Every structure is written in C-alpha cells, then in structure tokens.
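Report on one structure; see the data block that follows.
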Amino acid sequence: MNFVALRMLTGDRAKYFGLVFAIAFCTFLLENQTTIFANIMKRTASQILDVTDAEVWVMDPQTEYWEQTKPLKDTDLTRVRGVPGVRWAVRLFKGNPVARTLDGKFAVSFLIGIDDATLAGAPRKMLLGSWDRLREPDSVIIDQAGYILLFPGEPLALDRTLEMNDHRVTIVGISDVPAPFASLPVMHTRYSEAINFLGRERTQLSFIIARPDAEVSPAALTTRIHERTGLRARTTEEFMWDCIRYYLQHTGIPVNFGITIAVALIVGAVVAGQTFYLFTIENLKQFGALKAIGVTNVRLIAMILLQAFTAGTLGFSLGTGMAATFFEIFLHKLATRGIVLMWQCVALTGACIFFVVIVASVLSIRRVLVLEPAAVFRG
Amino acid sequence: MSATSDGLGVSCRDVRKHFGSGEARVEALRGVDFETRFGELSFLVGPSGCGKTTLISIIAGLLDRTGGELSVLGTNVDALSAHERVLFRRRNLGFIFQQFNLLPALTAAENVAVPLIAAGMSRRHAVDRANALLSQLGLGSRLTALPLTLSGGQQQRVAIARALVHEPRLVVCDEPTASLDHASGEAVMDLLAANAVRPGRTVIVVTHDSRVFHYAHSIAHMDDGRIVDVTRPDRRREPPRPAERPSAFEESYA
C-alpha cells in the first residue's frame, strides 16, 4: 500500500508542494538563525581556538573569558612550568592598542603577543609572508580583514608601516585568522614587542598557554595546575565554552536570536504541522474508504507515517539546500567569513522537524483511527 | 468458507442500534429481521433516515449493533475480534458507494487493484487482474485514466470493478445509481446484475431509485428502523448476462 500512500500524497500537486515548501521554509529559517547564532557565539572564542599549539590556558582566577583579563605575575609562568606534567608553558599577551596608518586611518586592534623564543601561538594560516619574520624587530602580522579595514581598496602587500603607541611597526605577514567577535584587526607580534606597543604596566602577562606531557590529559593538567598554583587553568575547549557562556549570560544576543528562533520554530511548526494535518483531514474520506475495504489500522498508520516522513524528508532536504545556498551566496564574504552551515544546526533542525512531523502524524493518525468506516456511506 | 446450509447469505434477527444516550438517544434500528439468499440481489428500500445505511453498515461490520443476532456468510461476527473482522471484511465483502469513493490520485486500474494489494498481492499482479476486469466491464480504453477524467457512469463501473475484483461473497451497494442519470443507472444495474449475482454470492442494494427495482430478487421495505414489508417481485426482466448482451451496456454509454 506504500504506493497508494505516496500517490495520495503527491496526487494533489498544490497541497503537496504547499506541504513540502512549508517544511522547507521552516527548515531554512531554523537552520539560518541557529547557524548565524552559533557562529557568532563561536566567534567569541576565535582567538582561543586559533592557538592550536596549546591545549591548556592558565589565567587569573577571576578571569571569566577572553576579553576580560587580569594580568598574571611573571613568576606565575615559572610556577606553572614547575607543575608535573607540563611539557612546556609560554607567555601570551593580549591587548587592544590603536593602530594607525600613515594616512591617518586608525582602528582599535587585537594585539596578541606570543612567546619570543618559540613563537607558540603564531597564526598558522598565512596569506602573505611568514610568521617566522616575527623575529624581526617591530614586526607584526595582521589578518586580512584588518588589513582591508586599514588599507581599504589596496592590494595585500608586505612591509607596509603602521603606527602603534608612537612605535613604527612593519607588517611582515598577512594571516587568515578566524573572525573575532568584534570586527577589529587581529595582529600578532612577539611578547616583548607587544608590551612596547601597549606601554608598560606593573604586570602584563595575560595568559600562559601550555601543553601537557604525552601521558597527561589536558583536563588532568588543568586540575593539577589549579591545585598547585591557585591559578585558573582551562583546556582550550573549556575556555571556549567559558567565553560562549559569558556572552550567553551577559548579553542580549541569545534573547534576540532566541526569540527569532522560537518564532521560526513555532510558525514553521504550526504551518508545516497544520498543513499536514489538514492534508490528512481532507483525505479522511479516502482513508474511510480504505478502512471499509479492509485496510487495517496498522497499515493506515504506516501509510500516514510514510506520507509524513516523505514530505518531511523532502522539505527538510530542500530547506537545508536553501540554507546552504544562502550561506554560500550571501555570507561568503570577508565580513561574514567563517559563518557556515554547521552540521550541529542541521541536526538540531532535523530533530525539530522530526518532532513536528511526529506530532502532526500522531494527530492525523488519531483522526483516522477514530474515523468510523461507516462514515463512507454517509456521502 | 462455504455457503450456509440454509442458503442465507445474511441473517439479521431483532437487530437494534441506537446512537447517543439520554435525551439525545436516537433509535436507528428497532429490531430488524432481514435476510438475503445466495445468488440473489436483495434490495433495501425506504425513506431517508429509516435506517437503511445503518443496517448495511452493521451487516458489513463497519458499525457495532446494540442488540440482536447477526450472521454474515454463515459467520457469527460477534465471535470475531476487531482485527479478524477487518480481515473478514477484506476477504469477503465488496463495497459500492453512492459517491464512488475512488482514490483520485490513482488510475482506474490502480483503484480497482487496491483490495488485492491490501490483501497482500503484488502491485503488478493486482493491476494486471484489475486491467482484465475493467476490460471485461468495457473500460479497457480507460485503464490509466484518473477518476476525475471519467464520467459518473464510468466511475461507478470502476467502483463496481473494485468491489468485485477480489471475488467477495457479499457485495454491499449504497445507492449505486443515485448519482447517475437514468440510462447510466440502468447500465450500472445491468452490469451489477450480470457480474455480481453468482451462486455463493449475495448482493445487497440500498436504493431510493424505484426505476431499478425490477432488478431485485427481493425488496425489503424499511421504515422508522424496522423492516415493514418484504416482497419478492415478479421479475419482469432477467438480469442480462454479459455473454448474451455485450453491446447493450456499451450502447448506453455511447
């Protein structure tokens, strides 16, 4: 009877396309909003995830997320290095100097100072130049978006000059780093240079990044560092979630997106669910005739589920295709780089659509099951 | 399942049915005695609301009765579980509805094949059999037509084919000519009489249409939930056999 179910589904083209497109638009809206939201949240931890050399981050116990740092004492680095299981630990500086071009254009920047000796934490994806050139004096690597912001309309070129806190610095590389939460240039330089560019304070060590010995897990090492030094130690993933959690709790972003997602879910679910439910109701007479002919309830349930899952699968696939196309066309730009359709959002949306389809199916099945087959005699 | 020893296809004794309760209680059947014989076409006639449809719904196992005894094709339907009743209906009953109730998305042949497919036959074999039957009923050129593209008479012929394709032993027809003009109604009754009336099979026709009464072997008159009279009319016209009058049916649709 499967072919009967599918032909009933597709027989009325207008209803069929209406149902599929209702599900497709619900899918599109959900995937679109959840993906943009998730990517924006992920951006809050971009600079953490970009440091692929380290697995453990050590910071002041009061530090809650990337943007908010209370400098550590230089001696803390030695203490961390002394913790058993630490393979290596180096300094990382984070500051926000103003960078100016010779033309006078300026922008507040993320300046990341990496260990002078090892250059651990340097950007690995370079578009121009080499991070090895950071060993040169007064050198910085700037990200592509930052370069375009400071030198709009000009081709990417090395050895251009910026001024930072009365220091002339030379661009020795252009990187492709993940976009930060705020659209600011991201610059990398050596730790000692970064301190010069910002101006000295009594304590300046923003973070210590470390890697555990082979036999020690990052999570175990964070516990060990905290116990031995009293400092806050987090794995890269934990620190990423700390940042995301901070923004979720302290900004209006989740409320804003949450409302949009909830509206998308409710409207989409109601439209898709109601369309399918009405589709079944309009076919009640046909189901009644099948019941009278001797089609069992189990078979009728299977038919409705097949119709629901066929429409659901088609609508979901179409909606996912629409969402992927949207991100490819509209967000494949520098400003929105890195915002891609996330499989987690697709899976979450799939679960929502599955839920809607199940609910609509159950309501439809209920109507069919309570339908008296004798109703077909009533015309 | 064999024919009953008394030759009765359906036997109702004091069958009662009410809907609702209290002030809203409606007595639809008030003790109906009704029977049909194998090889006969039994008509059930009466004014609207007299309980005809309720009675055939109960006989067909589509509706539970409130009281009385019922034997269908020699089977006490009370002894069957709900699932067994569905299977019994699928195996032994064919339905012809006033509004045809064809599935609009299926072709004529596929509509006819539905009872066979529901019984587990493969789609290809079922459609082959449906094609053969439809050709026999004069619809060989409209096998792949959708119901909405067929005339009322053609749709009812498809419905007849659907009711007969699995060779049921009881065929229940609800106002089979009500939606048709006189010529089409006559043609449908010709077809029904020629193809449905067989030894070991019984046909019940609910109708208002007095123009087709002459096809009946027996006519049960209902009123106010009771059978008030049963007549066995002198049959002015024998039901035609397809072999004898193959063109009469076609002529009426020409």
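Sequence lines, in order, name chains S and P.
Heads up: the first sequence at position 128 corresponds to 1369 in our numbering, and the numbers run straight through without jumps.
Heads up: the second sequence at position 86 corresponds to 1552 in our numbering, and the numbers run straight through without jumps.
For glycine and all other residues, C-beta sits at the position ideal for the given N, C-alpha and C.
Predicted, not measured: the structure shown is a model, and the values here were computed from it.
query: is_contact[residue 1519 of chain P, chain S] using C-beta, thresh 8 angstroms; result: yes
query: Whether residue 1261 of chain S touches residue 1552 of chain S by CB criterion (8 angstroms); result: yes
query: Own chain partners of residue 1401 of chain S with C-beta closer than 6 angstroms, once the 5 adjacent residues on each side are dropped; result: 1412
query: Whole-Å CB distance - residue 1513 of chain S paired with residue 1264 of chain S, under 8 angstroms assumed; result: 5 angstroms
query: Spatial neighbours of residue 1599 of chain P in its chain, beta-carbon cut-off 8 angstroms, leaving aside the 5 residues before and after; result: 1578, 1627, 1630, 1631
query: Alpha-carbon spacing of residue 1557 of chain S relative to residue 1608 of chain P, whole angstroms; result: 38 angstroms
query: Residue-level contact to chain P via CB, residue 1613 of chain S, 8 angstroms cutoff; result: yes
query: Inter-residue Cα distance where the pair is residue 1429 of chain S and residue 1456 of chain S; result: 31 angstroms
query: Close beta carbons around residue 1713 of chain P, own chain, < 8 angstroms, minus the five adjacent residues each side; result: Low per-residue confidence applies at residue 1713 of chain P: pLDDT is 37, beneath 50, and the placement is therefore not dependable, though the value from the model is reported in the following sentence. Cβ within range, chain order: n/a, list empty.
query: Environment of residue 1445 of chain S [buried if 16+ CB atoms lie within 10 Å]; result: buried
query: Where residue 1552 of chain P meets chain S, residues with beta-carbon distance less than 7 angstroms; result: 1535, 1537
query: Three-state secondary structure (DSSP) of residue 1404 of chain S; result: strand
query: Contact list for the stretch 1571-1583 of chain P against chain S, Cβ threshold 8 angstroms; result: 1571, 1572, 1576, 1580, 1581, 1583
query: Residue 1344 of chain S vs residue 1385 of chain S beta-carbon contact at 8 angstroms; result: no
query: Assigned secondary structure, residue 1467 of chain S (DSSP; H/G/I helix, E/B strand, else coil); result: helix
query: Contact list for residue 1258 of chain S against chain P, beta-carbon separation under 7 angstroms; result: Within 7 angstroms Cβ-Cβ: nothing; residue 1258 of chain S doesn't reach chain P, min ~14 angstroms.
query: Chain-order list of residues whose beta-carbon lies under 7 angstroms from that of residue 1435 of chain S (same chain, five-residue window excluded); result: 1334, 1336, 1352, 1354
query: Distance CB(residue 1299 of chain S)-CB(residue 1449 of chain S) smaller than 8 angstroms; result: yes
query: Listed by chain order, chain P residues near residue 1248 of chain S by CB distance under 8 angstroms; result: 1569, 1571, 1572, 1576
query: Cα-Cα separation between residue 1302 of chain S and residue 1473 of chain S, rounded to whole angstroms; result: 5 angstroms
query: Option nearest residue 1480 of chain P by Cα separation, candidates P:1683, P:1699, P:1521; result: P:1521
query: The stretch 1516-1527 of chain S: positions lying closer than 8 angstroms to chain P by Cβ; result: 1526, 1527
query: Contact set for residue 1532 of chain P: own chain, Cβ-Cβ below 7 angstroms, skip 5 residues either direction; result: 1482, 1483, 1484
query: Residues bridged to residue 1306 of chain S (per DSSP); result: S:1309
query: Any C-beta of chain P under 8 angstroms from that of residue 1242 of chain S; result: yes
query: Cutoff 8 angstroms: residue 1240 of chain S Cβ touching any chain P Cβ; result: Past the edges of chain S, shown from 1242 to 1620, lies residue 1240 of chain S, and the structure says nothing about it.
query: Limits of the beta strand (DSSP E) - the one that residue 1453 of chain S falls within; result: 1448-1453
query: Where residue 1640 of chain P meets chain S, residues with beta-carbon distance less than 8 angstroms; result: 1618
query: is_contact[residue 1597 of chain S, chain C] using C-beta, thresh 8 angstroms; result: No chain C is present in this structure, whose protein chains are S and P.
query: Proximity to residue 1250 of chain S [Cα-Cα], best of S:1378, S:1376, S:1528, S:1410; result: S:1528
query: Option in P:1476, P:1504, P:1512, P:1682 with minimal Cα separation from residue 1691 of chain P; result: P:1512
query: Cβ neighbours of residue 1681 of chain P in the same chain (closer than 7 angstroms, five flanking residues each side left out); result: 1507, 1655, 1659, 1705
query: Beta-carbon gap between residue 1534 of chain S and residue 1606 of chain S smaller than 8 angstroms; result: no
query: Residue 1568 of chain S beta carbon near the ligand ZN (any heavy atom closer than 7 angstroms); result: No copy of the ligand ZN appears in this structure; indeed no ligand is present at all.
query: Residues within the stretch 1670-1685 of chain P neighbouring chain S, beta-carbon criterion of under 7 angstroms; result: none
query: Distance CB(residue 1485 of chain S)-CB(residue 1285 of chain S) smaller than 8 angstroms; result: yes
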